[in-house]
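Notes follow once the structure below has been shown.
Protein chains: 4
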Amino acid sequence: MTGKHTWAIPEGYIPEGSTGPEPEMRSHESLCVLNTADEEATVEITVYFPDREPVGPYEKTVPAERTAHFRFDEFDDPEAIPEGEPFASVIESDLPIVCQHTRLDSRQAENALLSTIAYPGE
Amino acid sequence: MTGKHTWAIPEGYIPEGSTGPEPEMRSHESLCVLNTADEEATVEITVYFPDREPVGPYEKTVPAERTAHFRFDEFDDPEAIPEGEPFASVIESDLPIVCQHTRLDSRQAENALLSTIAYPGE
Amino acid sequence: MTGKHTWAIPEGYIPEGSTGPEPEMRSHESLCVLNTADEEATVEITVYFPDREPVGPYEKTVPAERTAHFRFDEFDDPEAIPEGEPFASVIESDLPIVCQHTRLDSRQAENALLSTIAYPGE
Amino acid sequence: MTGKHTWAIPEGYIPEGSTGPEPEMRSHESLCVLNTADEEATVEITVYFPDREPVGPYEKTVPAERTAHFRFDEFDDPEAIPEGEPFASVIESDLPIVCQHTRLDSRQAENALLSTIAYPGE
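Top to bottom, those sequences are chains A, B, C and D. Following the working numbering, the numbering of the first sequence begins with 181 at its first residue and continues without gaps. Following the working numbering, the numbering of the second sequence begins with 181 at its first residue and continues without gaps. Following the working numbering, the numbering of the third sequence begins with 181 at its first residue and continues without gaps. Following the working numbering, the numbering of the fourth sequence begins with 181 at its first residue and continues without gaps.
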């Protein structure tokens, strides 16, 4: 299995507020990363906004032969991503990985889900 | 990060009516664009219908290193896109971009979401 | 804009029963096709099942510079697709097209949506 | 129609609990496979976790010219996939296939759906 070093997700949005039991049902926006290599991957995420400079990189690691599901609402270094504002992200990894974008929206009584494989860059 | 100059979204639909607080919860169909280049991208969107000539281009800009989330229900020049009618769109940009398609359907009490990376043309 | 001649959708399912006003809210599974060429495209759809021979081709046309959103629950020639049974589809076109798969599930009080760009074959 | 021999799905999650009539409405996570070849495909699925060794391969077959929709919550050999824990999967086939990932989440009164074509590896 060979992935890519660079991925993009143009859609991003952390809803304001949520319903349901915490934390499983809290509204969240996730980046799911799969690293099938036999070495740890170092992943750098840059977040883009509509009207200000990009923020990042947010540095993450994914161990060898592991998956990691990162929640954008838990990003805090260099800074938290604001709720209620659109954003986009670029994911760069030193090893080939595969990325998928998923959102659980629980602002109302019932949840909604979306998911798509991210865009694999060169 | 390198994107593509041309993208397509065969599915498009602006539901008639909506529920929930405006404008966050209004039903909408969005085109999310990411421009990671260090120059402003000029984006032209052509909208296709089942039974009449295409309309456009709708001209948009996305500043350098920014994301823009365009709502099809807010397109008005050269003309508004009618509610309750299927459409498709082709997005052409002078710089490489990445496009994602998302719909929030709030016609009933609870929302539904869909999203997919658009189709990257040559 | 250049599409592909062949597309595949491994997931297909027409739910049994539905809620809400007809026909907008009836559960349905759709194939959205975009033909940006200046000639009519002839599209042949073959439907695959878990435990019997494929059925088709279902023949459709998409006029020049038009989009068509076909509902699998309205396919009837050579035969209707049964409700409540998984299926998959292959779409072949004489001209390059772009295909997207969308489902509206309205079996319960609130709708659910899914969508993905189909898989572009060689 | 030509597919690929290797596919990846970084997102996986079997929700704990469910609502609605069994088994149609039970929460599930599915892998939809299409084999358009005129021979049976042998498919091996490896499941990755956040913090332990991958499990597999889970061996499946898809007959010639058939589709198969496998539910991850029914995988049991070499072992069941735990509920409430993220996972990812890699699908390898001796024949070219096409893979799609779908989840029906019925933990609350109303369902949510997500779907995406899986990532086609080399």
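Ideal placement from N, C-alpha and C gives every residue a C-beta, glycine not left out.
- DSSP, read as helix, strand or coil, puts Glu209 (chain C) in strand.
- Around Ile189 (chain D), the same chain offers Ser269, His281, Ala298 as residues with beta carbons nearer than 6 Å, after the five sequence neighbours per side are excluded.
- The beta carbons of Asp274 (chain B) and Thr222 (chain B) sit about 5 Å from each other, so the pair counts as a contact at 8 Å.
- Boundaries of the beta strand (DSSP E) around Tyr238 (chain D): 235-242.
- The beta carbon of Pro243 (chain D) lies closer than 6 Å to those of Glu220 in the same chain, with the five residues before and after it left out.
- Glu209 (chain A) places its beta carbon 8 Å or farther from that of Ile225 (chain A).
- Residue-level contact by beta carbon fails for Thr282 (chain A) and chain C, as no gap is shorter than 8 Å.
- The continuous beta strand (DSSP E) containing Arg246 (chain C) extends over residues 246-251.
- Any Cβ of chain A closer than 8 Å to the Cβ of Tyr238 (chain D) would place that residue at the interface, and such an atom is absent.
- Scanning chain A for C-beta atoms nearer than 7 Å to the C-beta of Val270 (chain D) yields Met181, Thr216, reported in chain order.
- Glu254 (chain D) is not a Cβ neighbour of Ser295 (chain A), given a cutoff of 8 Å.
- Within chain C, Gln280, Ser295, Thr296, Ile297 have C-beta atoms less than 8 Å from the C-beta of Thr296 (chain B), given in sequence order.
- Using a Cβ-Cβ cut-off of 8 Å, Ala221 (chain D) does not count as an interface residue toward chain A, since no Cβ of chain A sits closer than that to its own.
- In this structure, Thr247 (chain D) sits near Tyr228 (chain C), with a CB-CB distance shorter than 8 Å.
- Pro276 (chain D) is classed as buried because its beta carbon has at least 16 other beta carbons within 10 Å across all chains shown.
- As a beta-bridge residue in DSSP terms, Tyr299 (chain B) pairs with B:Ala188.
- Against chain C, the beta carbon of Val213 (chain D) has neighbours under 9 Å at Pro190, Ala268, listed in chain order.
- As DSSP reads the structure, Leu275 (chain C) sits in no beta bridge.
- When C:His185, C:Val213, C:Ala260, C:Phe250 are compared, the shortest CA-CA separation from Gly236 (chain C) is found for C:Ala260.
- Closest by C-alpha distance to Glu263 (chain D), out of D:Glu245, D:Ile271, D:Phe252, D:Asp257, is D:Phe252.
- Under the Cβ distance rule, Glu259 (chain B) does not count among the residues neighbouring chain C, no pair being separated by less than 8 Å.
- The alpha-carbon separation between Thr182 (chain C) and Leu211 (chain A) amounts to approximately 30 Å.
- In the DSSP assignment, Ala221 (chain A) falls within the unbroken beta strand (DSSP E) covering 221-228.
- Here the alpha carbon of His185 (chain D) sits roughly 32 Å from the alpha carbon of Glu272 (chain B).
- A residue is called buried once 16 or more other Cβ atoms fall within 10 Å of its Cβ, and Pro258 (chain A), having fewer, is exposed.
- Under the Cβ criterion of 8 Å, Glu224 (chain B) is not counted among the residues facing chain A.
- Non-local beta-carbon contacts of Pro230 (chain C) in its own chain, meaning distances under 7 Å to residues more than five positions away in sequence, involve Pro266 in chain order.
- Residues of chain C whose Cβ lies closer than 8 Å to the Cβ of Pro230 (chain B) are, in chain order, Arg246, Thr247, Ala248, His249.
- The shortest C-alpha to C-alpha distance from Val213 (chain A) to any of A:Pro234, A:Arg232, A:Thr241 is the one to A:Thr241.
- When the Cα atoms are used, Glu233 (chain C) and Gly301 (chain C) turn out to be separated by approximately 21 Å.
- Between Glu196 (chain D) and Asp218 (chain D), the gap from beta carbon to beta carbon reaches 8 Å or more.
- For Val278 (chain A), the CB contacts under 7 Å within the same chain, skipping 5 residues up- and downstream, are Gly183, Leu214 in chain order.
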